[in-house]
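Report on the following structure.
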Amino acid sequence: MRALPSAPVEKVIVTYKSQATEAGSNTAAKSDTAEKAAKTGEKLSFERRLAGGGALVDLGDSATKQDVTEVMEAFRADPSVASVEPDIRAYAMAVTPNDTDYAKQWDLFEPTGGMNVPAAWDKTTGSGVTVAVIDTGYAAHTDLATNIVSGYDFISTSADARDGNGRDADAKDEGDWNATDGECGTGSKASNSSWHGTHVAGTIGAVTNNTKGIAGIAYNAKIQPVRVLGKCGGSSADIADAITWASGGTVPGVPANANPARVINLSLGGASASCPSVYQTAINGAVSRGTTVVVAAGNSNANASGFTPANCANVINVASTSREGNRSYYSNFGTIVDVAAPGGETRRATDTPGTVTTPENGIYSTLNSGSTTQSAENYKPYQGTSMAAPHIAGLAALLKSVKSTLTPAEIESAIKANARPLPGTCTGGCGTGIADSAKTVNAVTGTTTPPTGTVFTNATDVTISDNTTVSSSIAVTGRTGNAPAALKVGVDIKHTWRGDLVIDLIAPDGTVRNLKASSSSDSADDVVTTYTVDASSEVANGTWKLQVRDVASGDTGYINSWNLTF
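Under our numbering, the first residue of the sequence shown carries the number 2, and numbering increases by one thereafter.
The following block contains the structure:
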């Protein structure tokens with residue numbers, strides 16, 4: 002939790018009794034304000050009439066607490082006054098987390114490809130909900146540790162488990178590496194351990210506002226690691242038992258789950274023309290116990306109907322989208338896909354398989370540096386529908402937390418109904434669109450979401466050379482009145498050493514509002530963020546400009562795109 006700032010009171014709101022002249026006359030209210038100023042010795046001024054009828058009276062920025070008290074007492078003593086109260090400050094509750102790598106989590110907050118997560122955090126952060134990550138197990142990580150609850154190792158074959166025994170109560174990830182090609186069947190390749198389950202877990206429930214690492218979507222939920230994937234993957238028999246146990250069902254020979262999960266994440270799958278009955282029976286049982294089951298659609302750029310458990314009933318089937326809001330080049334698709342979520346692209350479709358050429362466009366999460374067995378904790382970007390699914394699992398946890406009576410069917414329906422269309426393209430079917438966290442939470446809590454408004458965009462590249470000033474223009478038309486008091490300015494600038502840049506928004510009348518100052522110590526690349534500015538004094542229609550000034554030598558880039566949301 003963060004303490005709210007303590008702001009001085011500079012104004013008071015005076016409500017006059019309905020029969021008083023001041024209740025309907027600004028002239029009378031001004032005169033009364035002048036009288037109170039003379040009485041108290043304070044510099045008071047009538048500022049304006051509020052929509053509710055009250056008069057806003059300014060005390061000036063030098064007023065002390067004692068001055069405010071004296072002025073309020075003077076108004077309260079007036080028989081014509083119904084009430085007087087301070088004009089207090091309010092603050093956005095969906096504050097930016099202080100996690101050091103939060104800026105890399107475009108998937109949570111960027112308006113184009115992100116999932117609008119921060120705006121949901123003032124209503125729910127996942128408290129009281131356990132999410133089971135049925136995967137490779139857990140690699141110890143300090144950015145997850147306080148949110149981890151006891152899980153289970155369901156790998157029944159000792160050789161695959163690599164822990165010297167079969168099933169046990171230790172969900173530690175022992176590594177899923179393969180030493181040689183062909184070790185796991187024809188066509189299999191040697192590979193290092195993925196620490197896949199830990200990456201998935203971080204997206205859902207990494208500890209947040211701890212001044213390190215990343216933020217989790219449902220960061221006050223608990224994560225239950227359930228190990229089913231080891232050497233050469235995992236068996237459907239083990240996975241089905243894990244689904245049953247995680248949701249509170251009974252598995253022969255396994256102790257009861259002390260913390261049944263209300264959400265299960267399955268970022269796993271294999272080829273199958275239909276859903277095996279062992280999966281469907283386990284999933285149906287989990288749903289009947291009130292557990293929402295989220296499944297990755299698969300990464301074969303094919304119809305998800307040919308992969309399981311994506312093709313099972315009673316699941317939320319999740320496709321992957323890129324930072325640009327397109328279907329990720331690898332993501333499965335089809336009519337059985339329910340919804341899409343950010344899964345990222347750490348390389349372009351035409352880049353060499355296995356390479357990482359665009360790490361900034363992947364999903365950044367918790368990991369381990371060990372090649373085979375666990376070593377030091379770290380963070381890395383991954384891509385995949387395996388990364389998209391935990392976004393939906395995290396959202397499901399937010400929904401279950403804010404309204405515990407929601408059934409799995411109601412959670413699925415809410416997520417699908419409140420998704421937004423992909424801003425890019427999806428051939429083959431990506432469900433109802435990219436999930437919108439805040440809109441979905443608002444929908445289940447009965448909160449009206451303010452209309453998004455119209456987005457005006459300029460996506461023409463503008464080169465930024467050393468020690469130059471460039472600009473990009475957007476012509477805003479069709480609006481009435483002034484611009485919003487919370488005008489959203491979305492900026493996507495590609496530039497090495499972004500500390501070189503000064504960024505300004507220039508209104509149609511030439512008024513300059515600074516968005517970003519230069520900083521000699523900010524060596525990170527790119528500026529990809531959304532600024533909020535008070536532009537309520539500006540007429541909306543006209544030509545707005547994003548002005549970018551490079552103040553140093555040695556690093557260059559370009560304005561990739563920018564937008565204004567009215």
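Glycine included, every Cβ here is placed at the ideal spot set by N, Cα and C.
By the criterion of a C-beta distance shorter than 8 Å, residue 290 is surrounded in its chain by 248, 249, 250, 261, once the five residues flanking it on both sides are discounted.
Distance from the CA of residue 341 to the CA of residue 270, rounded to the nearest whole angstrom, comes to 17 Å. A buried status is given to residue 43, since no fewer than 16 other beta-carbon atoms sit within 10 Å of its beta-carbon. The beta carbon of residue 356 sits closer than 8 Å to those of 348, all from its chain and outside the five residues before and after it, given in chain order. Counting C-beta atoms within 10 angstroms of its own C-beta, residue 9 has fewer than 16 neighbours from the protein chains shown and is therefore classed as exposed.
Counting other Cβ atoms within 10 Å of its Cβ, residue 403 reaches 16 or more and is therefore classed as buried. In the structure shown, the three-state DSSP call for residue 200 is helix.
Assigned with DSSP and collapsed to three states, residue 393 falls in helix. In the DSSP annotation of this structure, the continuous segment of the alpha helix (DSSP H) that includes residue 443 starts and ends at 438-446.
Here residue 201 has 134, 136, 266, 268, 387, 391 as same chain residues with Cβ atoms under 7 Å from its own Cβ, once five neighbours each way along the sequence are excluded. In this model, residue 393 and residue 295 are separated by some 7 Å (Cα to Cα). Considering only 292, 557, 83, the residue with the shortest C-alpha distance to residue 463 is 557.
The secondary-structure analysis by DSSP pairs residue 483 across a beta bridge with 540.
A Cβ-Cβ separation of about 7 Å places residue 59 in contact with residue 45 under the 8 Å criterion.
Taking each of 304, 319, 256, 252 in turn and checking the Cα distance to residue 286, the smallest one comes out for 252. Between residue 508 and residue 536 a beta carbon distance of about 7 Å is seen, short of the 8 Å cut, so the two are scored as contacting. The residue from 371, 129, 346 with its alpha-carbon nearest to that of residue 108 is 346. A Cβ-Cβ distance of about 6 Å is found for the pair residue 338 and residue 431, placing them in contact under the 8 Å criterion. The region 184-195 and the region 78-91 do not touch, with fewer than 3 CB-CB distances between them shorter than 8 Å. Going by C-alpha positions, residue 176 is about 10 Å away from residue 198. Taking the Cα positions, residue 73 is about 19 Å away from residue 19.
Residue pairing by DSSP puts residue 134 in a beta bridge opposite 226, 266.
DSSP places residue 195 outside any alpha helix (DSSP H), giving it a letter other than H or E. In this chain, residue 505 is not harboured by any alpha helix (DSSP H); it is covered by the beta strand (DSSP E) spanning 502-507. In the three-state reduction of the DSSP assignment, residue 330 falls in the coil class. Burial check for residue 240: the Cβ neighbour count within 10 Å reaches 16 or more, so the residue is buried. For residue 272, same chain residues with a beta-carbon under 7 Å away, outside a window of 5 residues either side, are 307, 308 in chain order. In the three-state DSSP reduction, residue 122 falls in the coil class, being neither helix nor strand. Out of 479, 165, 311, 330, the CA that lies nearest to the CA of residue 354 is found in 330. If you ignore the 5 residues before and after residue 186, its C-beta comes within less than 8 Å of the C-beta of 233, all in its own chain and listed in chain order. The way I'd put it, the region 370-377 doesn't touch the region 465-476; fewer than three beta-carbon pairs between them come closer than 8 Å. Residue 567 sits in coil when the DSSP states are folded into three classes, being neither helix nor strand. The three-state reading of DSSP puts residue 545 in strand, counting E and B together. Going by C-alpha positions, residue 532 is about 14 Å away from residue 562. For residue 222 against residue 103, the beta-carbon gap comes to about 18 Å, at or over 8 Å, which does not count as contact. Inter-segment contact for the region 436-446 and the region 402-421 is present: three or more beta-carbon pairs are separated by less than 8 Å.
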